[in-house]
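Read the structure below first, then the notes.
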Amino acid sequence: MMNSTSPNMCPQYLFGSNYGVSACIYPGVCTTPSIPNYSFEAPSSSACIKSPTNFTWDYTDIVAVCPNNIDNYTAGMKNAPDGNQVVVLQASQTNKVPSISKVLNLYNGGYYILSFYVAGRNASAGLYPLQIYAKANNQTIMSPNVYTNGNYVGYSSNQFYLTGSVSTASITIAGYNSDYILDNATMIDNVTISMTGFMCNGLDRNYYACSFNGQCVAPNTCVCNNGYYGANCEAYDCYGIMMNSTSVCAGAGTCVSPNKCVCNAALGDISFEANAISTNTYYYPNSACGGNMNSVYGKWTFSCRAVISNGNANAFHVPYPPMGNQVLIIQSGTSAGTEGIASQNVTLYAGVNYQVSFYAASRDSGMGPTNLVVLINGNTVFSVTPTSTTTFNIYRSSPFSVSTTGSYVFTITSNNVQSMSDASSFVDGITLTGLNLNQDCSVTQPACVNIPDSCGCNAITDSSFERQQIPTNSFYYVNTTCPGPFSNPSYGGWNYNCLSAISNGRSAFATPPPFDNQTMVIQNQIDPSSSSRNAGYVYQRVNLWTGRIYRISFYAAYRTNYGPVNLTININGVMFTSVLPNSGDVMNYYSSNLFTMNNTGAYTLSITGFPSVNVTDSGSFIDAITLDTMNINSDCSLTPSSCMNVSSSCGCMANIAYPSFETPVINANTYFYPNAPDCSGYYTKSFAGNWTLYCNAVYSNGVNAWNVPSMPHGNQILVMQINSPTTAGYAMQNIQLISGRRYVVNFYASYRALTGPSNIIVLVNNTQVFSVLPASSSVFNYYTSQPFTVNVTGTHVIAITCAFVNGSYSDVASFIDSFSISASNLNSDCSLIQQSCVGIPNSCYCNADIANPSFEVAPLLAPNTYNYPNYYCLNNSTSYVGNWTFYCYAAVINGNTIWSNPLPPIGNQMVALQYNSNNFGYMLQSIMLYGRRTYQVSFYAAGRLNFPFTKITVYLNSTLCDSI
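Residue numbering for the sequence shown follows full-length UniProt numbering, starting at 1 and increasing by one per position.
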């Protein structure tokens, strides 16, 4: 803020709500601006001065400045609250309104309150106080009131707000003489104004301002998060190109956040959830066969025997869906044209290698499967027949491409004609992915086909200098200052000095035909005064790894009629290749010798010109520069080929689905036999996630009749019961295992105190790999098997069963929780995992595992309660529940509380991050991370009902990773 004459510069910068005298919320922006002559000490006098001169306030009617205890104005009254003088507002009999006013320079977007002290004239000789009111810009902010005689009392106005571009406030304090008696008067002193809050461009600073991409730190002042800019932090770029530019993301995608492109050709509604149907039902969007495909449902168009199914308890016996609750069912036809068909339009691009992938399973009871066929504009690109009736397996096509960019019809159907039309296959999580796209949706260089830049095949950004387009047949000097600093590296990722330029087409440089449209020009310049030579220079930062063999390659030519400049490629100042282009007419191919790096990390790659001829403006052109990795597999990893293309796992962890038996949720303190007492050999189909249960395998929630001790994870466990040699509980699921890996089984176990334990047995492909008799009925103990291996990479059956002990069949039972299988022969840095495990959730044993990710570790809260571990926002944060450290308004919630929160998706507990009075909750823990890994944070989140949502931000070592 500023006063009426000069800026009121704050002495310090206090971010937040610590508003006090001269407190700063931002440099130069203060909450309590000083008002000149706020206590009416000028002009100074020993007597009352009516209609004073040199008075910094404007006034109307009768106004006087009076010292303490003088004349019949202040005589007998208490002294002024501030200083020695007050201002007197006195009424005349002509019904005029005495007032004082001042124009203050404030900040538009601020909330303000006006405060002052008031005392009425002593009621003598029939004189009374005036009714005082206040206005700001002609808006009444304090209604007329009669104030007590004799004593000064502090009063404050209602809050007022400066909207739009208004940055001044005309403050008026006036007296209203209701009985028109001459000499009725009121004294005013110590007038102050305070900022109580502010907005940014009309939006609340705490909830909606700065586009959720920054902080509103002062009125209409946003400090944007990294990568965002604009008055409201509403703008951002993707790889140097503005988010709404037609050329952003190579014109083939959407820029959704800084340097994050979502490439086109993505299918919509990939898990068929857009139109929800009732649980455990199915629906034919278009049951008429042979008609037009005009039944649009979600993003898909349906025909004939294409069905939407919800849940796994309807007539189709669908296994538990891997994504969401719904799946697509494709049924075979009895004749051509009667099979199920689902299609949608997609945009495909020439030069991109696409791959279709989806989860699929078959209908049981002799009614499946039917083959699944994927077509692009009627041409088959993939065909597969699902093999399992109990679980969804993932299937991927071979890469394919299209010759022309445009709109295509993507269709999934069946060409299996059978006499029985109910043959069915189930589909979920169907995707169409571009394999050879860079992070900005541009197509990877020809030498790098099928290997995205993010894998390190070509570690160079903007290798053909196309990201910042300039006009056709022109050139552009990025940095015109010689000598001078390098330009902003956001220009295509390169930094330039003044003798390097971008050339489009032929331009004045007479550039030979480039790789695409643009090339880089490295020039030579001679200083006439000293004959010294200078040349162009560009650089950028690249990530390189140990263990990889690299080669630098590029195309180059020289400027005709001027001669070449020698091109030198350096990494961290060390020359790796030097080339003198030998043609001015064509761009020839050059490459370096192979080399390796001693350390993994970021390096500076530079292209430097060295004058080869004594001619000013000589120059060389360079294009399509790549830094290729020569010894990586097709997925950019060094992992052995045995780990390639294995669905859902690379062998680092065998990805047990629902290891703590939390899905589906059963009623609290109850138990459930999914398939009892039928022990005849018919498995329940994919009950509770991917587990298939048999006979006396029981799901248990809470304590109930089994007297289950405190559970290590969540609220549910698996019970393995046996009451005769042929009635043992049995649970199984399919997992992916890799030959050559040494696996171990891990779980927590206890037993039923009333009857004693059953012996827990773990089988892989019906071969026993572990057996243990739980030792305690009062606590769950942790058990680990000896290592075992499998001979063949692929799908294997993991099963849990039990056996009796000492001939007893009296309903003996053991309890199991947190069941997992992990590889035991990995190096401490996960060197065998490499990039092949990137993006595969929960499958990498050496991932940066978050401890206690669902906040279930003891101490557990009572059901439907919450707790702030460090409620008072003290500096000494409190460690609580697992490895998390909590601060301020971060609360742990169990169940459904007064927060009106939805139930947590995993277990019974979750965390609320709250914002209150400029304090906010956060939590942290330490984790191990490794070089050469691409990490991703994921979590479930929801907002509080009937309250504005807070923005969730994730930091790594104080660096913002993402925010939602």
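All residues carry an ideal CB built from backbone N, CA and C; glycine is no exception.
If distances are taken between C-alpha atoms only, which option among the options comes closest to residue i?
| i | options | result |
| --- | --- | --- |
| Gln85 | Val772, Val103, Ser46 and Ile141 | Ser46 |
| Ser503 | Leu89, Tyr558 and Ile460 | Tyr558 |
| Thr347 | Leu267, Gly366 and Ser777 | Leu267 |
| Phe947 | Ser958, Ser938, Met923 and Leu913 | Leu913 |
| Tyr117 | Asn151, Leu718 and Gly702 | Asn151 |
| Ser343 | Val307, Pro369, Val223 and Val521 | Val307 |
| Leu773 | Tyr783, Thr767, Val764 and Asn766 | Tyr783 |
| Ser170 | Leu718, Ala134, Tyr155 and Val153 | Ala134 |
| Leu718 | Thr334, Thr404, Ile816 and Ala775 | Ile816 |
| Gln131 | Gln139, Ser143, Asn137 and Asn138 | Ser143 |
| Phe610 | Tyr603, Gly619, Thr604 and Tyr208 | Gly619 |
| Pro905 | Ala941, Leu924, Tyr922 and Ala891 | Ala941 |
| Gln768 | Ser776, Thr789 and Phe780 | Thr789 |
| Phe819 | Thr387, Val792 and Ser785 | Ser785 |
| Thr74 | Ser156, Thr168 and Ile188 | Ile188 |
| Thr568 | Thr608, Leu114, Arg548 and Pro674 | Thr608 |
| Met367 | Gly83, Trp300 and Pro386 | Pro386 |
| Ile850 | Thr795, Val797, Tyr915 and Met923 | Met923 |
| Cys695 | Ala705, Asn704 and Phe672 | Phe672 |
What are the boundary residues of the alpha helix (DSSP H) that includes residue i?
| i | result |
| --- | --- |
| Asp364 | Here Asp364 belongs to no alpha helix (DSSP H), and DSSP marks it neither H nor E. |
Apply the 10 Å Cβ neighbour rule to residue i and answer buried if 16 or more other Cβ atoms are within range, or exposed otherwise.
| i | result |
| --- | --- |
| Cys846 | A caution first: Cys846 carries a pLDDT of 37, below 50, which makes its placement in the model unreliable, though a value can still be read off. Burial call: buried. |
| Leu754 | exposed |
| Tyr236 | buried |
| Ala508 | exposed |
| Arg944 | exposed |
| Tyr176 | buried |
| Ser642 | Note on Ser642: pLDDT 30, under 50, position unreliable in the model; no value is reported. |
| Gln331 | buried |
| Gly154 | exposed |
| Gly456 | In this prediction, Gly456 scores a pLDDT of 38, lower than 50, which makes its location untrustworthy; the coordinate-derived value is nonetheless stated afterwards. So Gly456 counts as buried. |
| Asp71 | exposed |
| Ser649 | Here Ser649 scores only 27 on pLDDT, less than 50, and its place in the model is too uncertain to base an answer on. |
| Gln909 | buried |
| Phe302 | buried |
| Ala939 | Reading off the sequence shown, one finds Phe at residue 939, where the question assumed Ala. Result: exposed. |
| Asp204 | exposed |
| Thr959 | exposed |
| Ala336 | exposed |
| Cys255 | buried |
| Cys224 | buried |
First and last residue of the beta strand (DSSP E) that includes residue i?
| i | result |
| --- | --- |
| Tyr284 | Element bounds for Tyr284: n/a, residue is neither H nor E. |
| Gln716 | Gln716 to Ile722 |
| Trp300 | Trp300 to Ser303 |
| Val615 | Per DSSP, Val615 belongs to no beta strand (DSSP E) and is neither H nor E. |
| Phe426 | Ser424 to Gly434 |
| Asp237 | Ala235 to Cys238 |
| Gln736 | Tyr730 to Leu737 |
| Ile394 | Asn393 to Arg396 |
| Ser591 | Asn588 to Ser591 |
| Ile193 | Ala185 to Cys200 |
| Val762 | Asn759 to Val764 |
| Ile569 | Val565 to Ile571 |
| Tyr555 | Tyr550 to Tyr558 |
* At least 3 beta-carbon pairs within less than 8 Å: the stretch 369-383 vs the stretch 306-318 -> no
* Asked: Counting Cβ pairs, one atom from each stretch, are 3 or more of them under 8 Å apart for the stretch 697-716 and the stretch 743-758?
  -> yes
* Where are the alpha helix (DSSP H) runs, 4 residues long or more, that stay fully inside the stretch 53-141, in chain order? -> The DSSP assignment places complete alpha helix (DSSP H) segments of no fewer than 4 residues inside the stretch 53-141 at 71-74, in order along the chain.
* Determine, using beta-carbon pairs with one atom in the stretch 57-74 and one in the stretch 95-115, whether at least three such pairs fall under 8 Å. => yes
* Can we say the stretch 573-591 touches the stretch 658-665, given the rule of at least three CB pairs closer than 8 Å? -> no
* **Minimum length 3: unbroken beta strand (DSSP E) runs contained in the stretch 316-345** => 326-331
* **Touching by the beta-carbon criterion (3+ pairs, under 8 Å), the stretch 464-478 and the stretch 215-230** => no
* Would you check if the stretch 796-805 and the stretch 728-738 touch, i.e. whether three or more CB-CB distances between them fall below 8 Å? => Result yes; three or more Cβ-Cβ pairs closer than 8 Å.
* **Runs of beta strand (DSSP E) wholly within the stretch 775-815 (minimum 3 residues, chain order)** => Here the runs fully enclosed are 781-784 and 794-803.
* **Contact the stretch 273-289 vs the stretch 250-263: 3+ CB pairs below 8 Å** => no
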